[in-house]
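Engineer:
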Amino acid sequence: MANAEIPTKPYLLRALYEWCVDNGYTPHIAVKVDSRAQVPIEYVKDGEITFNISPVAVHKLQMGNDFIEFSARFAGVARHVSVPVAGVFALYARETGHGMTFEVEAPKPALQAAAESEPRSRPASEPEPTRPSGGGRPALRRVK
1 MANAEIPTKP YLLRALYEWC VDNGYTPHIA VKVDSRAQVP IEYVKDGEIT
51 FNISPVAVHK LQMGNDFIEF SARFAGVARH VSVPVAGVFA LYARETGHGM
101 TFEVEAPKPA LQAAAESEPR SRPASEPEPT RPSGGGRPAL RRVK
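Here our numbering is used: the first residue of the sequence shown is 1, the next is one more, and so on.
(1) In angstroms, rounded to a whole number, what distance separates the CA positions of A75 and L61?
(2) Assuming P84 contacts A37 (C-beta within less than 8 Å), just tell me the rounded distance between them.
(3) Indicate whether at least one CB of chain B lies closer than 8 Å to the CB of I49.
(4) Check R14 in the structure and name its three-state DSSP category.
(5) Look up I41 in the DSSP assignment and say whether it is helix, strand or coil.
(6) According to DSSP, is A90 part of a helix, a strand, or is it coil?
(7) Between which residues of its own chain and S82 is the CB-CB distance below 6 Å, once the five residues before and five after are set aside?
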């Protein structure tokens, strides 16, 4: 029996990340949150969350074939983050919006409803998680 083929998505994510860093850009990942994701739920909006994963923003970044994991500070508190590669729907450079979007499975309805009902308390001094400038999401190429 043959082993299951590893999808190309984790390799593309790693390559795009390296491209961003090599060009001095700030890599961001956008993730559909589901039951497998370990994220600060107070920053989830509409079942999605975006992370700055630049080397200066995160610690111990591991971009595996199944999960992307790192430590980052949220409101001054270090938190461990783990997101399934299957839930990543974009990786792009904040400065230019260049990157890629990907197909993902819909998040589990129970967690999405829980994330939307959570109060979103954020101190006034803490900025909203970043999205690409220029209004809205960047125009990226979809990879299937």
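We treat Cβ as the ideally placed atom computed from N, Cα and C, and that holds for glycine.
Structural biologist: Walking through what the data contain:
(1) Going by the C-alpha atoms only, they are around 19 Å apart.
(2) Indeed they touch by this definition, with Cβ atoms about 7 Å apart.
(3) The structure shown contains no chain B, having only a single protein chain.
(4) In the three-state reduction of the DSSP assignment, R14 falls in the helix class, which pools H, G and I.
(5) If DSSP states are grouped into helix, strand and coil, I41 belongs with the helices.
(6) A90 carries a strand assignment under DSSP once its states are collapsed to helix, strand and coil.
(7) Closer than 6 Å at Cβ, skipping near neighbours: Q38, F67, E69.
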